[in-house]
Every structure is written in C-alpha cells, then in structure tokens.
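Please read the structure below before turning to the comments.
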Amino acid sequence: IFLSFLIFSLFIGCFNSNHKNEINIFAAASLSGPLDKIKEGYKKSINIDYDGSFSLINKINLGANPDIVIIAGDRSVDLLDQNLNNLISTKRLIKNELVLIYKDKFGDSLSLNEVCANNRIAFGVADPLLAPLGKQSNLILKKHENCKKILEDQNVLISSNAMTLISALSYGHLDGAIVYKSDYMNSIYNSNSFKISGDNLDKTIYYLVLIMGSMEDDKLYNKQDFVDYLFSNDSKKLFNEFGFEMVNDDF
Numbered sequence: 475i476f477l478s479f480l481i482f483s484l485f486i487g488c489f490n491s492n493h494k495n496e497i498n499i500f501a502a503a504s505l506s507g508p509l510d511k512i513k514e515g516y517k518k519s520i521n522i523d524y525d526g527s528f529s530l531i532n533k534i535n536l537g538a539n540p541d542i543v544i545i546a547g548d549r550s551v552d553l554l555d556q557n558l559n560n561l562i563s564t565k566r567l568i569k570n571e572l573v574l575i576y577k578d579k580f581g582d583s584l585s586l587n588e589v590c591a592n593n594r595i596a597f598g599v600a601d602p603l604l605a606p607l608g609k610q611s612n613l614i615l616k617k618h619e620n621c622k623k624i625l626e627d628q629n630v631l632i633s634s635n636a637m638t639l640i641s642a643l644s645y646g647h648l649d650g651a652i653v654y655k656s657d658y659m660n661s662i663y664n665s666n667s668f669k670i671s672g673d674n675l676d677k678t679i680y681y682l683v684l685i686m687g688s689m690e691d692d693k694l695y696n697k698q699d700f701v702d703y704l705f706s707n708d709s710k711k712l713f714n715e716f717g718f719e720m721v722n723d724d725f
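Each residue of the sequence shown is one higher than the one before, starting from 475 at the first, in this note's numbering.
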C-alpha cells in the first residue's frame, strides 16, 4: 500500500512540476490524435494527460494543477471549483459533431430509433457522468421512445470516454454507437464496415482551451506561447486532418 501511495505521489508531483520550461496539459480523450501531432511539431517540453473532460475537471477540483486544460463542452468550465482554481482565460478552440454509426450489415440508412429497436445491435455510448460525449448522447437517446426503453432496461453498453468507446467498437464489442465524427473519420472509417447513419443528430460540441494560474505566474509566457501555437495555421491543418474545425468566435 505504501509503495502504491509513493508511486501515485511521485506521479502527481511530476505532473504538478513548476519547471519554467515545461507545460502540463489536461486534454479531452477525443483530442489525442491531433494533440500528439501538435506536440511533435511544437518541439518544446509539454506533458499531456488524456481523459474524459468531466474526469479531468474532477482531478483539478481534487488538487491537480495543470497549466492548460482543453475540454469538450461550453458548460464544462462551470464545473470547475472557482474557489480552488485560478482561471486566467477561456477561449473556444475547435468544434466537433456527434454522429450515429452502425455496422452496414444491419441495413441502409437506419435511424437512431431503428437502431435502438434492433436487439441484435450491441449499442454503446460514452459515460454521461464522465464525458460530455456521453452526456449529450444520453440527452439525444431520451428523445426517442425505443432508445429510452433500452436506457431503462440498461441495454446500452457504457464506455468511460470517447477513446474507450472507439476501442470497444474497434475490438468488435459493439455494433453501433454515438461517437464524434472525428473519431469515426480517424479510427473507424477504414475498418469493421461501420457507416454513418443519415439520421442527423444535430449536435455540435465545442472544445475550450483554458489557461490556469495567475497573471503573476512565472510560466505565463510559456503557457500563452503554446496556446498561440494551438491557433496557428500548422495546428489548424492538423485539426482539420483529424476531422475538427477551428472556430474564431470568443466564448
């Protein structure tokens, strides 16, 4: 037990490092593809911890101290305990869409209600308590009678975040799911014969970039430098390649 505690303490200590040249970032799991590429191009010392956006916020409220946070959902920032955390700035960075996908062996142009009604389709979503993708998926499902029924009967398989949901689809544990369009384009499109339903879910998710700390922070210049790089043309190209669209409107 002592060894486990020591390892955990060392991990937190390293992540909360105050080294002036090192930036510690919390980022939504669905951003791992483009951010890993952006990290390569940035060529400066940064650490990135990926998880569901709500899970990241919980870590911060429990004492984690990242320099920059990139999370999904405009309202996610409201979950931060403002009494414990100093927030320098908040800005919209990119946007994503939610889509319904299912294996094409089940037919053409199935609606969400039809997918929910088919008991041969193993259907999954992200956890509504841990990830904005799951929260929005849950709200969408509750608009359809057949989907409300599988929720009530607990016939929906829950994955902790967008990344684990894609893994479940890739390993063949699921036949259908509500996912980010970017994840479909990059992880699903060329495998497992999944298709996007023509049923428009009409839901856009915005991602926010938050600079944490105070204006007197010794690392403020480095933090702002990385955020500026996120909005650069090089980063924009990478986000576009992974199915995201950069936005210019302020939050």
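Even glycine gets a Cβ: it sits at the ideal position worked out from N, Cα and C.
State yes or no: is the C-beta of residue i within less than 8 angstroms of the C-beta of residue j?
{"i": "residue 636", "j": "residue 615", "result": "no"}
{"i": "residue 680", "j": "residue 541", "result": "no"}
{"i": "residue 688", "j": "residue 574", "result": "no"}
{"i": "residue 809", "j": "residue 668", "result": "Nothing in the structure corresponds to residue 809, since the chain is present only between 475 and 725."}
{"i": "residue 526", "j": "residue 631", "result": "no"}
{"i": "residue 656", "j": "residue 717", "result": "yes"}
{"i": "residue 504", "j": "residue 546", "result": "yes"}
{"i": "residue 684", "j": "residue 599", "result": "no"}
{"i": "residue 686", "j": "residue 589", "result": "no"}
{"i": "residue 497", "j": "residue 697", "result": "yes"}
{"i": "residue 522", "j": "residue 513", "result": "yes"}
{"i": "residue 534", "j": "residue 559", "result": "yes"}
So residue i packs on residue j, CB below 8 angstroms; how close in whole Å?
{"i": "residue 597", "j": "residue 561", "result": "Not really, about 37 angstroms apart at Cβ, beyond 8 angstroms."}
{"i": "residue 611", "j": "residue 586", "result": "Not quite, the Cβ-Cβ distance comes to about 10 angstroms (not below 8 angstroms), so this is no contact."}
{"i": "residue 531", "j": "residue 567", "result": "Contact flag wrong, Cβ pair sits at about 17 angstroms."}
{"i": "residue 565", "j": "residue 682", "result": "7 angstroms"}
Taking only beta-carbon atoms, is residue i less than 8 angstroms away from chain B?
{"i": "residue 538", "result": "Absence of chain B from the displayed structure is noted, only one protein chain being present."}
Using the DSSP secondary-structure output, state which residues sit across from residue i in a beta bridge.
{"i": "residue 521", "result": "498"}
{"i": "residue 543", "result": "500, 684"}
{"i": "residue 564", "result": "684"}
{"i": "residue 575", "result": "651, 670"}
{"i": "residue 597", "result": "630, 650"}
{"i": "residue 570", "result": "679"}
{"i": "residue 715", "result": "Partner(s): none; residue 715 has no beta bridge."}
{"i": "residue 720", "result": "568"}
Just tell me which of the options has its CA closest to the CA of residue i.
{"i": "residue 732", "options": "583, 704, 715, 619", "result": "The requested residue 732 is not part of the displayed model; the chain covers only 475 to 725."}
{"i": "residue 660", "options": "677, 555, 714, 697", "result": "714"}
{"i": "residue 520", "options": "529, 501, 536", "result": "501"}
{"i": "residue 645", "options": "629, 662, 653, 654", "result": "662"}
{"i": "residue 563", "options": "719, 701, 710", "result": "701"}
{"i": "residue 654", "options": "691, 697, 507", "result": "507"}
{"i": "residue 620", "options": "641, 642, 593, 643", "result": "593"}
{"i": "residue 629", "options": "591, 642, 583, 643", "result": "591"}
{"i": "residue 517", "options": "721, 710, 625, 699", "result": "699"}
{"i": "residue 581", "options": "695, 627, 722, 650", "result": "650"}
Identify the continuous beta strand (DSSP E) that holds residue i and give its terminal residues.
{"i": "residue 686", "result": "678-686"}
{"i": "residue 631", "result": "630-633"}
How far does the alpha helix (DSSP H) with residue i in it reach, from first residue to last?
{"i": "residue 589", "result": "586-591"}
{"i": "residue 505", "result": "Element bounds for residue 505: n/a, residue is neither H nor E."}
{"i": "residue 705", "result": "Here residue 705 belongs to no alpha helix (DSSP H), and DSSP marks it neither H nor E."}
{"i": "residue 606", "result": "606-615"}
{"i": "residue 693", "result": "No alpha helix (DSSP H) holds residue 693; DSSP gives it neither H nor E."}
{"i": "residue 639", "result": "636-644"}
{"i": "residue 534", "result": "527-535"}
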